[in-house]
Amino acid sequence: MDILLILLLITFNGVFALSEISIVSSRRIRLQHMAEAGDKGAQAALKLAEQPTFFLSTVQIGITLIGVMSGAFGESAISDRLRPIFEGIPLIAPYASVLATACMVISITYFSLIIGELVPKRLAMQSPERIARIIGPFMRGVLFITHPAVRFLSWSTELVLDLLRVKRVDDPPVTEEEIKVLMAEGAQAGIFDHSERELVANVFRMDDWNLGLIMTPRPDITWLDLADSLEEQKALIAQTPYNHLPVCRDGRGNYIGVVSLPQLLQHNLQGGGWDIELLAKPGIFAPVGMTPMALLELLRKRRQHMALVVDEYGDIQGLVTLTDVLEAMVGELPSEASSRDPDVVTREDGTWLLDGALSIERFRDLFPLEAEELEASRDFQTLAGLVLFEVGGIPQTGDVLTWQGLRLEVVDMDGMRIDKLLVSRPTPPALI
78 MDILLILLLI TFNGVFALSE ISIVSSRRIR LQHMAEAGDK GAQAALKLAE
128 QPTFFLSTVQ IGITLIGVMS GAFGESAISD RLRPIFEGIP LIAPYASVLA
178 TACMVISITY FSLIIGELVP KRLAMQSPER IARIIGPFMR GVLFITHPAV
228 RFLSWSTELV LDLLRVKRVD DPPVTEEEIK VLMAEGAQAG IFDHSERELV
278 ANVFRMDDWN LGLIMTPRPD ITWLDLADSL EEQKALIAQT PYNHLPVCRD
328 GRGNYIGVVS LPQLLQHNLQ GGGWDIELLA KPGIFAPVGM TPMALLELLR
378 KRRQHMALVV DEYGDIQGLV TLTDVLEAMV GELPSEASSR DPDVVTREDG
428 TWLLDGALSI ERFRDLFPLE AEELEASRDF QTLAGLVLFE VGGIPQTGDV
478 LTWQGLRLEV VDMDGMRIDK LLVSRPTPPA LI
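Counting from 78, one number per residue, gives the positions in the sequence shown under my numbering.
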């Protein structure tokens, strides 16, 4: 009878261990969804998870009491029965009490570890939410019964901590790195798609970027100049793939605003004439150091599609559209300018044809090992800027730069600008 009672106590120990790991390991979001769906067990488990101090104290009380009771019953159930057997063996008779106690301790410890700890915890780690919703109501009842004792123990603990002058520390907020680790684990488990993981990573990364990394450089901006003739303006509009264009007068320095080309054409067809300046709306100026996420919020509030990027002196450095910001988050989109040459072309021979205006962040994504030592304090933001920095001057077509194990060959120049680069990894020498 005593042995059955000991096994029952060890089983209860396993229940406490099972509840502890299942509640602690359960994802709060999953329990929340099940609780909102009316699952009573999930609701009980969620309440336990929201009271970790009382819940864990209850578990500790239960496990401690079970340990004490198992030892007490083990003395009469095992030691008292083994002692006469050992006393009947002359060689070990003097040590009968010690051996009987040792056998009792070893046997109870073994079954406590296997049945009361290891197996329940392994089960709880495999299906924490499912087990938490099953065992939650039972543990809520135990918590209700032991609540006075838990209150007293909590008060005693706080008193000792105050005497030791230990400061209470709030739980630290979840960090960006922790979220990335959780996303990686979720992707491996099939909970998140690879694209979802990349999207979250890109959103976090955009907070470290500035507009210089995603803007269209000033020389590449398509302007609608009011000083041009009507025929020149219409020819430009017919050729451009964009829906919105910045408007200037007598050159890029005299900025007027932004005009919607569909609105301009509709206004003209309805007999309103070709009045670009009338339809041009004041544009948005954004400092080059602004983050893409901040610009996205600004564009949303102003209901605009683009912003001109200016430096500390107020000079226009480039242009960023809403599509540029979205592409920085989700990758290249089918856009109004989808007919342009891609920034990255992977060739059949294993080399890469890259645009000189490719951002350094995108370059680091393509070559993470080689480009990992690029400092955030660099004075360039594009691949062409990297080449100019390393060469120390304006290269010529055909010039080759070896950098961090990569071979960068200038294959096309647009005046003084580097237009295209051929990037490859040198072939290692064959072993003889």
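All residues carry an ideal CB built from backbone N, CA and C; glycine is no exception.
Under 9 Å between C-beta atoms of LEU125 and ALA209: Here residue 125 corresponds to residue number 48 of the sequence shown, with the count starting at 1. Here residue 209 corresponds to residue number 132 of the sequence shown, with the count starting at 1. The answer is yes: Cβ separation under 9 Å.
Three-state secondary structure (DSSP) of MET370: Along the sequence shown, read from residue 1 onward, the residue named residue 370 stands at position 293. MET370 falls in the helix class under three-state DSSP.
Contact the stretch 286-301 vs the stretch 362-374: 3+ CB pairs below 8 Å: yes
Same chain only: Cβ atoms within 6 Å of ASP420, ignoring 5 sequence neighbours per side: Position 343 of the sequence shown holds residue 420. Once the five neighbours on either side are set aside, the close Cβ partners of ASP420 are ASP432, LEU435.
Selection from ASP491, SER134, TYR187 that minimises the alpha carbon distance to ASP297: In the sequence shown, counting from the first residue as 1, residue 297 sits at position 220. Of the listed residues, the one whose Cα sits closest to ASP297 is ASP491.
Environment of GLY470 [buried if 16+ CB atoms lie within 10 Å]: For this step, residue 470 is matched to residue 393 along the sequence shown. Exposed.
Whole-angstrom distance between VAL175 and PRO161, CA atom to CA atom: On the sequence shown, residue 161 is found 84 positions in, with the first residue counted as 1. On the sequence shown, residue 175 is found 98 positions in, with the first residue counted as 1. Their Cα atoms are separated by approximately 12 Å.
For ASP305 and SER415, the rounded distance between their alpha carbons: Looking up residue 415 in the sequence shown gives position 338. Looking up residue 305 in the sequence shown gives position 228. Here the model assigns SER415 a pLDDT of 46, short of 50, so the residue's position is not dependable, and the following value carries that caveat. Roughly 27 Å separates the two Cα atoms.
Paired residues, beta bridge with LYS358 - DSSP: The residue labelled residue 358 in the question sits at position 281 within the sequence shown. Bridge partners of LYS358: VAL335.
Top-ranked residue by Cα proximity to PRO323, from THR299, GLN265, SER147: One-based indexing of the sequence shown puts residue 323 at position 246. Measuring from the Cα of PRO323, the nearest candidate turns out to be THR299.
LEU303, DSSP secondary structure in three states: Here residue 303 refers to the residue found at position 226 when the sequence shown is read from its first residue. Coil.
8 Å contact criterion, which PRO205 and SER134 should meet: CB distance rounded: Working through the sequence shown from its first residue, we reach residue 205 at position 128. Working through the sequence shown from its first residue, we reach residue 134 at position 57. Their Cβ separation, rounded to whole angstroms, is 20 Å, which puts PRO205 and SER134 out of contact at 8 Å.
GLY148 (DSSP reduced to helix, strand or coil): Indexing the sequence shown from 1 puts residue 148 at position 71. The answer is helix: DSSP assigns GLY148 an H, G or I state.
With 16 other Cβ atoms within 10 Å as the buried cut-off, status of VAL336: Within the sequence shown, numbered from 1, the residue matching residue 336 stands at position 259. Note on VAL336: 16 or more other CB atoms within 10 angstroms of its CB, so buried under the neighbour-count rule.
CA-to-CA distance, VAL397 to LEU301, given in whole angstroms: Working through the sequence shown from its first residue, we reach residue 301 at position 224. Working through the sequence shown from its first residue, we reach residue 397 at position 320. Cα-Cα distance, rounded: 16 Å.
First through last residue of the alpha helix (DSSP H) which encompasses GLU275: For this step, residue 275 is matched to residue 198 along the sequence shown. Looking at the DSSP string, the run of the alpha helix (DSSP H) that includes GLU275 is 271-283.
Nearest-angstrom Cβ-Cβ length linking GLN394 and VAL386, presumed shorter than 8 Å: Walking along the sequence shown from the start, residue 394 turns up at place 317. Walking along the sequence shown from the start, residue 386 turns up at place 309. GLN394 to VAL386, Cβ: 5 Å. Contact.
8 Å contact criterion, which VAL464 and LEU443 should meet: CB distance rounded: Working through the sequence shown from its first residue, we reach residue 464 at position 387. Working through the sequence shown from its first residue, we reach residue 443 at position 366. Incorrect: roughly 15 Å between the Cβ atoms, too far for contact.
Identified DSSP bridge partners for LYS497: Against the sequence shown, residue 497 aligns to sequence position 420. Answer by DSSP bridge pairing, in chain order: ASP432, ASP489.
Residue range of the unbroken beta strand (DSSP E) whose run includes PRO323: Translated into positions along the sequence shown, residue 323 becomes position 246. Where PRO323 is concerned, the enclosing beta strand (DSSP E) stretches over 321-325.
Option in ILE192, GLN340, VAL500, GLU253 with minimal Cα separation from TRP480: As a working note, residue 480 is residue 403 in the sequence shown. If we check each option's Cα against that of TRP480, VAL500 comes out closest.
Every unbroken alpha helix (DSSP H) within the stretch 175-214, with a cutoff of 4 residues, ordered by chain: 196-203
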